[in-house]
Amino acid sequence: RAKSAGGNRSELADPEADARAITRHGLTTALPTALERGEFFIEYQPLVHLGDGSVRGAEALVRWLHPQHGVLGPDRFIPLAEHTGLIVPLGRWVLEESIRQARAWRERYGEETAAGPLRINVNLSPCQLSHPGLVQDTVEILERAGVAPDALCLEVTESALIGADDDLLKPLRRLAEMGVDIALDDFGTGYSNLANLRRLPVNVLKLDRSFTQGMQRFPADPVDLKIVEGIVTLAHSLDLAVTVEGVETGAQAEQLRVLGCDTAQGWYYARPGPPERLHDLALMDATG
Ligand code: C2E
Ligand code: MG
Ligand code: MG
Ligand code: MG
């Protein structure tokens with residue numbers, strides 16, 4: 005009897021859903037002070053050239069060191085920040101902090117790395133794209149840090165650009181003209197027409213992790229391989245470089261290299277980590 009009463013109660017209210025909503029609400033209201041208090045930090049994950057194994061740069065991935073909940077990944081708070089608009093100042097902070105970091109790498113290790121100065125990839129949310137200050141903020145941040153635009157790659161997801169009108173593409177086009185690389189992130193998860201790529205100001209395709217996951221089986225599904233091969237061929241014919249996400253094994257890396265992918269990122273090389281780790285990885289190439 006008691007059991008069925010309990011069962012009925014949980015049909016009326018879902019305590020877990022309540023807890024989730026409370027956390028969501030709590031996190032949302034805590035976001036602005038978190039930015040003021042400096043609770044966000046950035047981890048860097050190396051981008052490795054598949055041809056020679058050298059570290060070419062890193063992607064900046066933001067985290068929140070929450071005073072009660074510990075370290076939270078971006079999936080927990082980026083959607084909330086997008087919803088409230090805090091993503092604009094937060095995204096600007098990520099850009100500023102990671103470009104400052106790129107400058108520091110350059111100053112300390114610029115000539116010592118195997119592949120020259122390390123480059124920096126920064127994720128942009130759709131809200132930042134439609135914010136009028138994007139181009140000017142980016143230019144100012146680069147100038148203040150003394151970093152050339154071609155050391156920066158901005159990553160925008162395929163879904164953010166699907167059906168984007170010219171107004172949304174204009175700031176990206178201006179940044180691209182200045183020499184900033186634009187990458188289409190999580191490529192293959194949306195449903196963009198491949199021909200559509202021609203009108204987008206992008207010069208890098210980042211193949212989504214789902215493709216590399218399909219390659220973990222051995223032997224890999226030949227159809228999966230054909231699809232990746234086709235995408236790489238098309239990308240190269242449009243002068244786009246191809247980066248792959250989520251490379252977890254050496255076998256995957258080798259397969260992707262053979263398929264013609266240019267750059268890779270994933271746990272096989274390194275998990276996202278503090279900036280000092282990148283120094284070591286990049287220097288290791290130079291001596292190794
Ligand atoms: P993303 O841009 O596609 O970043 C790659 C994600 O894959 C990262 O998750 C990274 O930690 C994870 N990853 C890397 N290598 C591997 C691997 O070998 N295996 C597996 N299973 N996962 C791997 P993370 O750090 O949780 O970031 C998630 C997403 O949050 C990012 O996806 C990006 O869209 C977004 N994000 C991160 N930082 C920012 C930011 O500063 N601004 C904005 N707007 N979005 C951000
Ligand atoms: Mg990304
Ligand atoms: Mg990605
Ligand atoms: Mg992804």
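So the number in this note's numbering is just where the residue sits in the sequence shown, counting from 1, plus 4.
Idealized CB from N, CA, C, for every residue including glycine.
In the pairwise beta carbon analysis, the region 99–110 is classified as not touching the region 68–88: fewer than three pairs are separated by under 8 Å.
For threonine 161, the enclosing beta strand (DSSP E) begins and ends at 156–161.
Taking a contact as a CB-CB distance under 8 Å, the pair threonine 247 and glutamine 220 does not count as one, their CB atoms being some 18 Å apart. Taken through DSSP and simplified to helix, strand or coil, tryptophan 109 comes out as helix. By the Cβ neighbour-count rule, glycine 270 is buried, with 16 or more other Cβ atoms within 10 Å of its own. In chain order, the residues that have a beta carbon nearer than 5 Å to some heavy atom of ligand 2 are Asn127, Glu159 and Asp189. By the neighbour-count definition (other C-beta atoms within 10 Å, threshold 16), glycine 250 is a buried residue.
Only residues of its own chain outside the window of five on either side were considered, and among them Leu128, Ser129 and Gln132 have a CB closer than 7 Å to the CB of glycine 95, listed in chain order. Counting only runs that start and end inside the region 209–271, the beta strand (DSSP E) elements of at least 3 residues fall at 245–248.
Going by DSSP, leucine 69 is part of the beta strand (DSSP E) stretching over 59–70. A Cβ-Cβ separation of about 6 Å places histidine 53 in contact with threonine 267 under the 8 Å criterion. For valine 52, the Cβ stays outside the 6 Å cut-off from all heavy atoms of ligand 1. Spatial neighbours of valine 184 in its own chain (CB-CB distance under 8 Å, excluding positions within 5 residues in sequence) are listed in chain order as Thr142, Pro153, Asp154, Leu156, Cys157 and Leu158. Nearest C-alpha to isoleucine 91 among Ala17, Leu138, Arg281 and Arg202: Leu138. In the three-state scheme derived from DSSP, where H, G and I count as helix and E and B as strand, proline 276 is classed as coil. Residue pairing for glutamate 47: DSSP places it in a beta bridge opposite Leu65.
Sorting Asp243, Asp212 and Leu65 by C-alpha distance to the C-alpha of isoleucine 231 places Asp212 at the top. The Cβ-Cβ distance between proline 278 and leucine 65 does not fall below 7 Å.
Within the chosen limit of 6 Å, ligand 1 reaches the beta carbon of isoleucine 82 through at least one heavy atom. Assigned with DSSP and collapsed to three states, asparagine 200 falls in helix. Where leucine 76 is concerned, the enclosing beta strand (DSSP E) starts and stops at 74–76. Distances from the CB of valine 66 to the heavy atoms of ligand 1 include at least one below 6 Å. Between glycine 194 and isoleucine 166 a beta carbon distance of about 5 Å is seen, short of the 8 Å cut, so the two are scored as contacting.
Between glycine 61 and arginine 123, the CB-CB gap stays under 7 Å. Annotated as proximal: tyrosine 273 and proline 50, with beta-carbon spacing under 7 Å. DSSP places valine 206 in the coil class of the three-state scheme, outside both helix and strand. For glutamate 47 and leucine 69, the gap between their C-alpha atoms comes out near 12 Å. Counting other Cβ atoms within 10 Å of its Cβ, isoleucine 26 stays below 16 and is therefore classed as exposed.
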